[in-house]
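*Asks:* I'd like to ask you about the structure that follows.
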Amino acid sequence: LELKNEVEKYKLLFQDLKIPKGYPVIIYGDKEAAFLVILIALVSMDIPYIPFDHSYPVEWLKKVKSISNSNVIVKSGEYDIDLEFSIIVESDLKVTIHTSINSHTCLGDQSDPLRYIMFTSGSTGEPKFIQISKSSLLSFIRWLKKDHPFSSKSIFMNQASFSFDLSAYNIYATFALGGSIVLIDETTYSKTEVFYKRLSNYMVNTWISTPSFAYLFITDKEFCHNNLQNLQTFIFIGEFFDKKLLDKIWRGFNNATLINSYGPTETTVATCFAYCTKEM
Numbered sequence: 002l003e004l005k006n007e008v009e010k011y012k013l014l015f016q017d018l019k020i021p022k023g024y025p026v027i028i029y030g031d032k033e034a035a036f037l038v039i040l041i042a043l044v045s046m047d048i049p050y051i052p053f054d055h056s057y058p059v060e061w062l063k064k065v066k067s068i069s070n071s072n073v074i075v076k077s078g079e080y081d082i083d084l085e086f087s088i089i090v091e092s093d094l095k096v097t098i099h100t101s102i103n104s105h106t107c108l109g110d111q112s113d114p115l116r117y118i119m120f121t122s123g124s125t126g127e128p129k130f131i132q133i134s135k136s137s138l139l140s141f142i143r144w145l146k147k148d149h150p151f152s153s154k155s156i157f158m159n160q161a162s163f164s165f166d167l168s169a170y171n172i173y174a175t176f177a178l179g180g181s182i183v184l185i186d187e188t189t190y191s192k193t194e195v196f197y198k199r200l201s202n203y204m205v206n207t208w209i210s211t212p213s214f215a216y217l218f219i220t221d222k223e224f225c226h227n228n229l230q231n232l233q234t235f236i237f238i239g240e241f242f243d244k245k246l247l248d249k250i251w252r253g254f255n256n257a258t259l260i261n262s263y264g265p266t267e268t269t270v271a272t273c274f275a276y277c278t279k280e281m
């Protein structure tokens, strides 16, 4: 109910601002719960969102703004941005309007509206403008429900930046299945004792990350079932998953389910996965 009420606040605000369907809106922030509230509000109104991490340089934000033609930014936390937008929504819902927005900027097809736009660096270092539609996202969600070991009892660790589509794995699994999501910022995971305590306190049972993130902890004796008894499922995505990491995870979490997932951003987060077995 609290989530629904918060979402409604933003929906009413976006209606008052007359943001049309298909107009791309930048969400600017980090691991604030408000980021997900804003995201849900925009999706429910057929307004595509562009997630942007506050740690990225302003030059990257300029490129994203220019390529998408978005002139609306919504902050999920208290941040100063050295870049002008037509409409700026602060984290306290205070609005600054400089100019009206151009409705011709609306993107996508009304019969299959865009859900989000992801910018990846690509091989050239220039932003790739990747647009994901409603039908693509629904296909991904059906796959999460059908083939993954997720349920309403799943409690996901969310560590990856919202600007990285890996995050969509646990965001949409959470909201589609009625599970829970625990947000982990850099300050938290940089202190292993604080990180483990948060995972334990919130009874996180599903770990989703790149292999390189897991490598930060595998030499730590405390990273094991005895210390993190709820952790049952590990999904690795976004990078090559090697046997060395698999072996080390299994030593610490002997009965854990390990899944190797992969796929390009253009095809909605991931397209394939394999349950890892001891025989493999």
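Residue numbers (the working numbering): 2 to 281. Beta carbons: idealized from backbone N, C-alpha and C, even for Gly.
1. Would you tell me roughly how many angstroms separate the C-alpha atoms of Gly30 and Ile260, rounded to the nearest one?
2. Among Phe15, Phe235 and Phe196, which one has its Cα closest to the Cα of Val75?
3. For Ser92 and Ile39, I'd like the C-alpha separation in whole angstroms.
4. Note down, in chain order, each residue of its chain lying with its Cβ closer than 7 Å to the Cβ of Val195, except the 5 sequence neighbours on either side.
5. Between which two residues does the beta strand (DSSP E) carrying Ala177 extend?
6. With distance defined between alpha-carbon atoms, name the residue in Ser77, Gly78, Thr100 and Ile156 nearest to Glu85.
7. Just to check my reading of the structure: Val65 and Pro128 have Cβ atoms closer than 8 Å, yes? What is that Cβ distance to the nearest angstrom?
8. Applying the 10 Å Cβ sphere with the 16-neighbour rule, what's the burial state of Val96?
9. Provide the residue span of the alpha helix (DSSP H) that contains Gln132, from first to last.
10. Taking Phe1 as the reference, which of Tyr173, Leu139, Ser164 and Ser162 has the closest Cα?
11. Please look up how many angstroms separate the CB atoms of Asp47 and Gly78, rounded, as I've assumed it's under 8 Å.
12. Indicate the three-state DSSP secondary structure (helix, strand or coil) for Ile142 in the structure shown.
13. Anyone know if the C-beta pair for Ala35 and Leu184 falls short of 8 Å?
14. Considering Cα atoms alone, identify which of Asn103, Ser69 and His55 is closest to Asp83.
15. Find out if the Cβ-Cβ distance for the pair Phe241, Ala215 is shorter than 8 Å.
16. Quick check: Thr234 and Trp251, are their CB atoms within less than 8 Å of each other?
17. For Leu4, which residues of its own chain have a beta-carbon under 6 Å away from its beta-carbon, when the five flanking residues on both sides are left out?
18. Scan the stretch 29-56 and note each continuous alpha helix (DSSP H) run of 4 residues or more that stays entirely inside, going in chain order.
19. If you drop the 5 nearest sequence neighbours on each side, which residues of the same chain put their C-beta closer than 6 Å to that of Gln132?
20. Less than 6 Å between C-beta atoms, sequence neighbours within five positions excluded: which residues of the same chain meet that for Ser262?
21. What distance in whole Å lies between the Cβ atoms of Ser210 and Ala161, which are believed to be in contact at a cut-off of 8 Å?
22. Taking 7 Å as the cut-off, does the CB of Val73 come closer than this to any heavy atom belonging to the ligand MN?
23. In angstroms, rounded to a whole number, what distance separates the CA positions of Lys10 and Asp17?
24. Across which residues does DSSP place Asp113 in a beta bridge pair?
25. Select from Gln230, Ala177, Lys135 and Asn255 the residue whose C-alpha is nearest the C-alpha of Arg199.
26. Contact check, Thr269 vs Ser137 under 8 Å by CB: the rounded distance?
27. Would you please state the rounded distance, in angstroms, between the beta carbons of Ile41 and Phe176? I believe it to be under 8 Å.
28. Within a Cβ cutoff of 6 Å, which residues of the same chain sit near Lys32, ignoring the five residues on either side of it in sequence?
29. For Tyr29 and chain C, any beta-carbon pair shorter than 8 Å?
30. Of the choices Arg143, Lys147 and Val44, whose alpha-carbon is the least far from that of Val1?
*Replies:* Quick answer:
1. Roughly 30 Å separates the two Cα atoms.
2. Checking every option, the nearest Cα to that of Val75 belongs to Phe15.
3. Whole-angstrom Cα-Cα distance: 10 Å.
4. The answer, listed in chain order, is Thr189.
5. Not the beta strand (DSSP E): Ala177 falls in the alpha helix (DSSP H), residues Leu167 to Leu178.
6. The candidate whose alpha carbon is nearest that of Glu85 is Thr100.
7. With a Cβ gap of about 6 Å, Val65 and Pro128 count as contacting.
8. Around the beta-carbon of Val96, fewer than 16 other beta-carbon atoms lie within 10 Å, marking it exposed.
9. DSSP places Gln132 outside any alpha helix (DSSP H); the residue lies instead in the beta strand (DSSP E), whose first and last residues are Lys129 to Ser134.
10. Coverage of the chain is limited to positions 2 through 281, which leaves residue 1 absent and any answer about it impossible.
11. Between Asp47 and Gly78 the beta-carbon gap is near 25 Å, outside 8 Å, which marks them as no contact.
12. Taken through DSSP and simplified to helix, strand or coil, Ile142 comes out as helix.
13. Going by C-beta atoms, Ala35 is not nearer than 8 Å to Leu184.
14. Of the listed residues, the one whose Cα sits closest to Asp83 is His55.
15. Their beta carbons are not under 8 Å apart, which means Phe241 does not touch Ala215 by this criterion.
16. One thing to note: Thr234 has its Cβ no nearer than 8 Å to the Cβ of Trp251.
17. Excluding residues within five positions, none has a Cβ falling inside 6 Å.
18. Counting whole runs of 4 or more residues, the stretch 29-56 contains the alpha helix (DSSP H) stretches 34-45.
19. Result list for Gln132: Leu115 and Ile118, in chain order.
20. Same-chain partners within the cutoff: Ile236, Ile238, Ala271 and Phe274.
21. At roughly 6 Å, the Cβ-Cβ gap stays under 8 Å, so Ala161 and Ser210 are in contact.
22. For the ligand MN, the structure offers nothing, since it holds no ligand at all.
23. A direct Cα-to-Cα measurement between Lys10 and Asp17 gives close to 11 Å.
24. Per DSSP, Asp110.
25. Nearest C-alpha to Arg199: Gln230.
26. Between Thr269 and Ser137 a beta carbon distance of about 5 Å is seen, short of the 8 Å cut, so the two are scored as contacting.
27. Yes, they are in contact, since the Cβ atoms of Ile41 and Phe176 sit about 7 Å apart, within 8 Å.
28. These residues qualify, in order along the chain: Leu184 and Asp186.
29. In the structure shown, chain C cannot be found, because there is only a single protein chain.
30. Residue 1 lies beyond the stretch modelled for the chain, which goes from 2 to 281, so this question has no answer here.
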